[in-house]
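In my numbering, the protein residues as written are 1 to 283.
Quick reminder that beta carbons are idealized off the backbone N, C-alpha and C, glycines included.
Written out below as structure tokens is the structure these notes cover.
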């Protein structure tokens, strides 16, 4: 692995970058003055995001960051499909959620400034493991930017071929609930008036009528369509997260509830203490 674009330390101490990174055996660590981020090479998977000593992401202790299985928690990337693959070429050999989260990505280095740090990862169709299961040509460039209190993820998919590239891409974000809070304490807005598909109720379509979406009735698994670019997630007034998206028109909201969580082999005992908010792109 190699790095590039590192900022040279200026002579004045007060202008020195307050960011740093470290390459470990299985992960890359990024840090700013009051936040840290850890990214696994396996799946280019963000496994930890800490702001002011508070962990923002859920990661199951029953899951390994070393592979080969997908990592349960953090921020996985689903590509080139979300959910079960279509029963047609070129998706016939794919597993649930595609292959991006199951394969090692190439670390393409970092760029630093005084207040932020970027890391880049690449996965493309030249990968021998990809070629065994997916024939279309593509390149995924994943850029992750960390600053004091904001995490920005950007996935650029390039099609070098003359034929169309059909795919889905999704950030499968697992947010950790604050201590002493429950899924029933969480509120999302503004989703009122949007249509959504309820997977718990067999894929039926409804229109959201609530000003704020809650999680009072057990397992929640819904796909909201044509969502606004900003979604506010309120965790029992203990903290708020503002989710801002571009070119990701659909949003999946999922909480497994305790019964389903306990039945999942790679989910820890407190697995229901996560809220999964997933931004989806269909092409």
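Query raised in the report: Ordered along the chain, which non-local residues of its own chain (more than five positions away) have a Cβ less than 8 Å from that of residue 57?
Result: Within the chain shown, numbered from 1, the residue matching residue 57 stands at position 57. Closer than 8 Å at Cβ, skipping near neighbours: 46, 47, 48, 49, 73, 74, 75, 173, 174, 175, 176.
- Please state whether DSSP places residue 97 in a helix, a strand or coil. Translated into the one-based positions of the chain shown, residue 97 becomes position 97. Three-state result, residue 97: coil.
- Task: Compare the C-alpha of residue 188 against each of 168, 206, 224, 162 and name the closest.
- Result: Working through the chain shown from its first residue, we reach residue 188 at position 188. Residue 224 is the option with its Cα nearest to residue 188.
If residue 170 sits next to residue 227, beta carbons under 8 Å apart, how far is it from one beta carbon to the other, in whole angstroms? Taking the chain shown and counting its residues from 1, one reaches residue 170 at position 170. Taking the chain shown and counting its residues from 1, one reaches residue 227 at position 227. Actually they do not touch by this definition, with Cβ atoms about 13 Å apart.
* If you draw a straight line from the alpha carbon of residue 20 to that of residue 127, how long is it in whole angstroms? -> For this step, residue 20 is matched to residue 20 along the chain shown. For this step, residue 127 is matched to residue 127 along the chain shown. Using only the alpha carbons, I get a separation of about 30 Å.
**Asked** Ordered along the chain, which non-local residues of its own chain (more than five positions away) have a Cβ less than 6 Å from that of residue 44?
**Response** Taking the first residue of the chain shown as 1, we reach residue 44 at position 44. Excluding positions up to five away in sequence, the list reads 105, 121, 142.
Open item on the list: My parser needs the beta strand (DSSP E) runs of 3 or more residues fully inside the region 87-158; what are they?
Closed with: 106-112, 117-124, 139-146, 151-158
Margin query: Does the region 237-249 come into contact with the region 202-216, if we say contact requires no fewer than three beta-carbon pairs (one atom in each stretch) closer than 8 Å?
Written below: no
Exercise. Compare the C-alpha of residue 112 against each of 129, 139, 144 and name the closest.
Key: In the chain shown, residue 112 corresponds to position 112, counting from 1. The residue with the shortest Cα to Cα distance from residue 112 is 144.
For the beta strand (DSSP E) containing residue 50, list its first residue and its last residue. Indexing the chain shown from 1 puts residue 50 at position 50. Run containing residue 50: 45-51, per the beta strand (DSSP E) assignment.
Alpha-carbon spacing of residue 93 relative to residue 166, whole angstroms: Position 93 of the chain shown, counted from the first residue, corresponds to residue 93. Position 166 of the chain shown, counted from the first residue, corresponds to residue 166. Roughly 15 Å separates the two Cα atoms.
Helix or strand or just coil, what does DSSP make of residue 214?
Here residue 214 refers to the residue found at position 214 when the chain shown is read from its first residue. Three-state result, residue 214: coil.
Span of the beta strand (DSSP E), counted from its first residue to its last, around residue 30:
Numbered from 1 along the chain shown, position 30 holds the residue referred to as residue 30. Taken as a continuous stretch (DSSP letters only), the beta strand (DSSP E) holding residue 30 covers 27-31.
- prompt: Which word fits residue 161, buried or exposed, when buried means at least 16 other C-beta atoms lie within 10 angstroms of its C-beta?
  reply: Here residue 161 refers to the residue found at position 161 when the chain shown is read from its first residue. Exposed, by the Cβ-count rule.
(request) Measure the Cβ-Cβ separation of residue 130 and residue 99 and say whether it is below 8 Å. (result) Start at 1 with the first residue of the chain shown, and residue 130 comes out as number 130. Start at 1 with the first residue of the chain shown, and residue 99 comes out as number 99. Yes.
Query - Coarse secondary structure for residue 42, derived from DSSP in three states - result: Translated into the one-based positions of the chain shown, residue 42 becomes position 42. In this structure, residue 42 counts as strand in the three-state DSSP scheme.
Taking the straight line between their C-alpha atoms, what separation do you get for residue 218 and residue 257? As a first step, residue 218 is located in the chain shown; it is residue number 218 there, counting from the start. As a first step, residue 257 is located in the chain shown; it is residue number 257 there, counting from the start. Going from the Cα of residue 218 to the Cα of residue 257 covers about 6 Å.
Q) Does the distance from the CB of residue 231 to the CB of residue 251 come in under 8 Å? A) For the purposes of this step, residue 231 is identified with residue 231 of the chain shown, where counting begins at 1. For the purposes of this step, residue 251 is identified with residue 251 of the chain shown, where counting begins at 1. The answer is yes: Cβ separation under 8 Å.
7 Å CB neighbourhood of residue 2 in its chain, flanking five on each side removed: Indexing the chain shown from 1 puts residue 2 at position 2. Low confidence applies here, because residue 2 scores a pLDDT of 22, under 50, leaving its location unreliable; read the following figure in that light. Result list for residue 2: 109, in chain order.
Check your understanding: Who pairs with residue 233 in a beta bridge, going by DSSP?
Key -> Against the chain shown, residue 233 aligns to sequence position 233. 188, 241.
Practice prompt. Taking 8 Å as the cut-off, decide whether the C-beta atoms of residue 107 and residue 28 are in contact.
Written response: Numbered from its first residue, the chain shown carries residue 107 at position 107. Numbered from its first residue, the chain shown carries residue 28 at position 28. It is a contact, given that the beta carbons lie within the stated cut-off.
| How big is the Cα-Cα spacing for residue 179 and residue 147? | As a working mapping, residue 179 is identified with position 179 in the chain shown. As a working mapping, residue 147 is identified with position 147 in the chain shown. Rounded to whole angstroms, residue 179 to residue 147 spans 24 Å at the Cα level.
Exercise. Once you ignore the five residues that flank residue 59 on each side, which residues in its own chain have a CB closer than 6 Å to its CB?
Worked result: Counting from 1 along the chain shown, the entry for residue 59 is found at position 59. So the list reads 47, 73, 74, once near-sequence residues are dropped.
#### Entry: Of the listed residues 114, 184, 208, 222, nearest to residue 201 (C-alpha basis)
Taking the first residue of the chain shown as position 1, residue 201 is located at position 201. Nearest of 114, 184, 208, 222 to residue 201, Cα basis: 222.
Rounded to the nearest angstrom, how far is the Cβ of residue 84 from that of residue 168, given a contact under 8 Å? Looking up residue 84 in the chain shown gives position 84. Looking up residue 168 in the chain shown gives position 168. Contact flag wrong, Cβ pair sits at about 11 Å.
Query - residue 175 in three-state terms, based on DSSP - result: Mapped onto the chain shown, residue 175 falls at position 175. Residue state, collapsed to three classes: strand.
Can you tell me the Cα-Cα spacing of residue 236 and residue 186, whole angstroms?
-> Sequence index remark: in the chain shown, residue 236 carries index 236 (1-based). Sequence index remark: in the chain shown, residue 186 carries index 186 (1-based). Residue 236 and residue 186: Cα-Cα distance of roughly 6 Å.
*Under a Cβ-count criterion, where at least 16 other Cβ atoms within 10 Å of its own Cβ denotes burial, should residue 123 be classed as buried or exposed?*
Start at 1 with the first residue of the chain shown, and residue 123 comes out as number 123. The residue in question, residue 123, is buried, as its Cβ has 16 or more Cβ neighbours within 10 Å.
Span of the beta strand (DSSP E) around residue 222: Taking the chain shown and counting its residues from 1, one reaches residue 222 at position 222. Residues 220-224.
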